[in-house]
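Protein chains in written order, with the working numbering: chain A, 32 to 602; chain B, -3 to 173.
What follows is a set of notes on a single structure, which appears directly below.
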Amino acid sequence: MGLLQELRTALQVRLTASATPGQVPGGPSLAYVLGAVVTFFLVLSAVTGLALSFFYAPSVTDAWASVAYLEDQVTWGWLVRGLHLHGASALVIACGLHLAQTAWLGAYRRPRELTWFAGLGLMLLVLGFTITGFVLRWDQAGYWASKVEVGIAAATPVVGDLVQKLAQGGNDYGNLTLTRFHALHVGLLPALTLGLVGAHVWLARRHGVTPRRRQGAGASPWWPAQTVRNLVAVALAFAALLAVVVSTGGAGLEAPADPTAAYDARPLWYFRWLFLLRKLMGPWETVAALIIPGLVLGFLVAMPLLDRTPAQGQGSPRRRRLVLATFFALCAGITALTAASLARDAGDAEHGKQVAKAEAQATRARRLARTYGVPPAGGLAVYQTVPMWRGRALWETQCKDCHQGKDRKGPLIEAGYGSRAWIARFFADPGGDEFYGRNKVAKSEGAMKPVELTGEPLAEMVELVYAESGAADADRGRAQKALPAFEEQCSDCHSREEGVSSSGPALARRGSLDHLVQFIGNPTAPIHLGEAAEMPRFDKDLSMVDREALAQYLLWLRTATAADVAGLEPL
Amino acid sequence: MSDDSGSDRRAMLRLTACALGGGIAAAVGVPVVRMLADPASKITVTGPSAPIDLGPLDRLKIGADPVSVPVVAKEIRDGWNAVQQVVLGSAYLTRTSAGDCTALSSVCPHLACTIGWDPGKRHYVCPCHESLFDPSGERVTGPSERGLDPLPVTIKDGRIYLTWTRYRMGGSKREPV
């Protein structure tokens, strides 16, 4: 009973009003504005956050795409998002200043301990918001920073594994991670914050501002003199925030999260001190990551217990030397570590290169998303929206080694492949290096001999072969004129009748899409190269759709120039 | 300080507070509202405006039953997504002459159920409320107030191209949505 009684008395002291509500003791002052600034940034986060949620979709496939859409295609989307992200930074700074001022004035002491605890709780919630918010964009920066943070939590003894699985919603980062962090960020944390802000403000109003040491007697009403001061401070803080948002171009967005791509992850700047501390501690990184922040928080919570000097009258900082010295030493340490971490990165050429690379990739991914839209497969699929992506990607992995470069084993394939000029060059020297020169067939008995035609008859023969491709610009009249010469010189080895093989490759529909698809599928078919083919068949490895994509690329090459190829969007 | 100048000062402060408060609220509110209103002035979901290739005309025989074919759009943009090969619905095709055919939307004009073709009785029937339509799409009986909605078709190089159109559900008048 005695303990309960004590507790009740203690609470009574803390909850009973010790100031006249709505009055500022000693008159209005700019010293009392920080609480209002913090409140403003909290409201700003809520308003902009609610607005962002009108556009955001929390799933692995949609998160990045929806943020990229908001950022690049919605009017002033970048501005509102910038206010949300940089506003969070402003909130952290304002909280820090508010905390420091409260510490300096000794306002954490009796009877204001509960206000102080609520404030510390709010600060933790703010940090919780930034941690849960950073991953929602599902870009490289947010994804990797979050992975590291959850990894740190996973290093907690005993419960680490469970914490990790609970945080990421299963065994790895995925859809359930996003829905979880999203629910925390827009549901649970705001509810808790609302409650704590209510308690904090209610208590702060009950006890009034902590009187400054040198202040006039009497009190004056809060409204409007103090309100104007608060609003001036808020306006100035907001103007500064707006300047930062506009000058940085907003919150920025990296390339879509890629779990397979290495990324030089960095935390948000207010966790930089812990980031550097972890690096400096080497094998003791668990100490840096878990124990040190725990000690810092523990000290802050304990401050009202450590410092029992009376709040009224003799609260001079000199009498609270030890507590204040510790507090400001911690502040200085955190600031110094933050600055050192930023300075390190600024001086790190290798990191600079990584950042530049990531920026280039981000620019590209966002341009593709803007131009072609993001496929439903998700952010990473944005790279596959590049025209002819599939065909070109297959070309790079399946074909290029044998058909390009000085070590190639087969005929050269590049811009102009299958064009009239290409056919004419082939006629002049089928066994040349560009064509079958590197294949056994060129040295065999059945090797094709150069076509002995010149001038118009040669052009007609070129047209005859070219027209087989079905090209829209083929001159069929001109091609027909080559028929007698074809019968005389070519038809022994080359059939022109569809479906009919010959000792040499059949020419019916040669160079058309269907022909290319079939040829790629099985060059050893009698209708193509037959036994002489050295190229493997691809009909088992590549689907019909894949082969058609490849064939489309080859068709594109026919009319392309080297400059066109060089100008293609990189894969 | 006289009472007058004191109340003047307070009035001044009140005005300043309101102006500052209003200014800050506007500075936050205007970008937010502008952003929220952005989709209202945009085509966020694209319909396929280009005619859709439904294959060769020769797949249809004169005098044969209508054929239901899926209508697949090459690409639909929806907000941030670009979705390829989207099935929009289906259409019933009937060959009317050597060089032409007609297409009927398979969406019942009554309450948008998907209608079917009864080959025995040679009419279209809606499974939901049993509206009946003759082979040309004219309403025979049932709750539907109009016949089946025709879809514009053009024939080019022997292939059928259909322009996908949706009509307002219900009513005797045909209004595109």
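The beta carbon of each residue, even a glycine, is placed where N, CA and C say it ideally should be.
Taking residue i as the query, report the chain A residues whose CB atoms sit under 7 Å from its CB, ordered along the chain.
| i | result |
| --- | --- |
| Met31(B) | Ala82, Val105, Thr106, Trp107, Gly108, Val111 |
| Arg10(B) | Pro255 |
| Gly17(B) | Leu262 |
| Asp49(B) | None at all; the shortest Cβ gap to chain A is about 16 Å. |
| Arg6(B) | Pro255 |
| Pro27(B) | Trp107, Leu110, Val111 |
| His83(B) | According to the sequence as given, residue 83(B) is Val; it is not His. Those within 7 Å of Val83(B) in chain A number zero; the least Cβ separation is about 14 Å. |
Inspect the beta-carbon positions of residue i and residue j and report whether they are closer than 8 Å.
| i | j | result |
| --- | --- | --- |
| Val173(B) | Ala82(A) | no |
| Leu130(A) | Trp169(A) | no |
| Ala400(A) | Val413(A) | yes |
| Phe86(A) | Thr163(A) | no |
| Tyr100(A) | Ala78(B) | no |
| Leu50(B) | Leu89(B) | yes |
| Ala282(A) | Leu116(A) | yes |
| Leu145(A) | Phe72(A) | no |
| Lys471(A) | Glu565(A) | yes |
| Gln385(A) | Trp253(A) | no |
| Ser534(A) | Cys524(A) | yes |
Going by DSSP, name the residue or residues bridged to residue i.
| i | result |
| --- | --- |
| Lys152(B) | Arg155(B) |
| Val79(B) | Ile72(B) |
| Val41(B) | Asp74(B) |
| Trp113(B) | Tyr120(B) |
| Thr592(A) | The partner list for Thr592(A) (beta bridge, DSSP) is empty, contrary to what the question assumes. |
| Ser372(A) | According to DSSP, which records beta bridges pairwise, Ser372(A) is partnered with nothing at all. |
| Leu147(B) | Ala99(B) |
| Gly90(B) | For the record, residue 90(B) in the displayed sequence is Thr; it is not Gly. Beta-bridge pairing links Thr90(B) to Thr98(B). |
| Leu233(B) | Past the boundaries of the shown model lies residue 233(B); chain B is included only from -3 to 173, so the question cannot be answered. |
Along the alpha helix (DSSP H) that carries residue i, what are the first and last residues, could you check?
| i | result |
| --- | --- |
| Pro221(A) | 220 to 238 |
| Asp432(A) | 431 to 434 |
| His106(B) | Careful: His106(B) lies outside any alpha helix (DSSP H) and carries neither H nor E. |
| Gly325(A) | 323 to 337 |
| Leu114(A) | 108 to 136 |
| Ala77(A) | 65 to 84 |
| Arg456(A) | 451 to 459 |
| Val17(A) | Because chain A here runs from 32 to 602, residue 17(A) falls outside it and cannot be looked at. |
| Pro515(A) | 514 to 520 |
| Pro56(A) | First-last for Pro56(A): 54 to 56, but that is the beta strand (DSSP E), not the alpha helix (DSSP H). |
| Leu489(A) | 486 to 498 |
| Leu267(A) | 258 to 279 |
| Gly501(A) | Counting along the chain, Gly501(A) falls outside any alpha helix (DSSP H), and DSSP gives it neither H nor E. |
| Asn206(A) | 206 to 214 |
| Lys196(A) | 191 to 199 |
| Lys388(A) | 380 to 403 |
| Lys178(A) | 171 to 185 |
Using a Cβ cut-off of 7 Å, pull out every chain B residue sitting near residue i, in sequence order please.
| i | result |
| --- | --- |
| Leu514(A) | Ordered by position in chain B, no residue passes the 7 Å Cβ test against Leu514(A), which lies about 27 Å from the chain. |
With distances taken Cα to Cα, identify the nearest neighbour of residue i among the options.
| i | options | result |
| --- | --- | --- |
| Phe269(A) | Gly118(A), Arg395(A), Asp379(A), Ala288(A) | Gly118(A) |
| Ala13(B) | Pro557(A), Ala537(A), Val263(A), Gln549(A) | Val263(A) |
| His216(A) | Gly249(A), Ser84(A), Thr291(A), Lys512(A) | Ser84(A) |
| Gln257(A) | Tyr100(A), Val68(A), Pro515(A) | Val68(A) |
| Gly133(B) | Gly59(B), His119(B), Ser86(B) | His119(B) |
| Ala582(A) | Val596(A), Ser450(A), Val548(A), Val111(A) | Val548(A) |
| Arg507(A) | Tyr174(A), Glu518(A), Glu491(A), Ala594(A) | Glu491(A) |
| Arg155(B) | Gly95(B), Leu144(B), Glu171(B) | Gly95(B) |
| Ile444(A) | Ser76(A), Val189(A), Gln435(A), Pro56(A) | Gln435(A) |
| Trp76(B) | Pro407(A), Trp587(A), Ala455(A) | Pro407(A) |
| Ala172(A) | Pro221(A), Pro252(A), Glu285(A) | Glu285(A) |
| Tyr139(A) | Trp420(A), Phe330(A), Gly441(A) | Phe330(A) |
| Glu600(A) | Asp577(A), Ala478(A), Ala396(A) | Ala396(A) |
| Leu128(A) | Thr161(A), Leu495(A), Leu151(A), Arg398(A) | Leu151(A) |
Assuming residue i is part of the beta strand (DSSP E), what are its boundary residues?
| i | result |
| --- | --- |
| Gly51(B) | 48 to 52 |
| Ala250(A) | 250 to 252 |
| Ser101(B) | 96 to 101 |
| Val178(B) | Since the first and last residues shown for chain B are -3 and 173, residue 178(B) lies out of range. |
Which residues in chain B sit within 9 Å of residue i, going by Cβ to Cβ distance?
| i | result |
| --- | --- |
| Ser60(A) | None at all; the shortest Cβ gap to chain B is about 14 Å. |
| Ala250(A) | Within chain B, no residue comes near Ala250(A); the closest Cβ sits about 16 Å away, beyond 9 Å. |
For a contact defined as C-beta to C-beta under 8 Å, what are the partners of residue i on chain A?
| i | result |
| --- | --- |
| Ile20(B) | Phe71, Leu262, Val265, Ala266, Phe269 |
| Val41(B) | Within chain A, no residue comes near Val41(B); the closest Cβ sits about 12 Å away, beyond 8 Å. |
| Asp177(B) | As displayed, chain B neither begins before -3 nor continues past 173, which places residue 177(B) out of reach and without an answer. |
What residues from chain B crowd round residue i, counting only those whose CB sits closer than 8 Å?
| i | result |
| --- | --- |
| Ser97(A) | Gly75, Trp76 |
| Tyr403(A) | Ala78 |
Tell me whether residue i counts as near the ligand SAM, meaning its Cβ is closer than 7 Å to at least one heavy atom of that ligand.
| i | result |
| --- | --- |
| Lys471(A) | Of the ligands one can find in the structure shown there are none, so the ligand SAM has no counterpart to examine. |
Just to make sure I have the definition right: I need the residues of chain A whose C-beta is within less than 9 Å of the C-beta of residue i. Which are they?
| i | result |
| --- | --- |
| Ala23(B) | Ala266, Phe269, Ala270, Leu273 |
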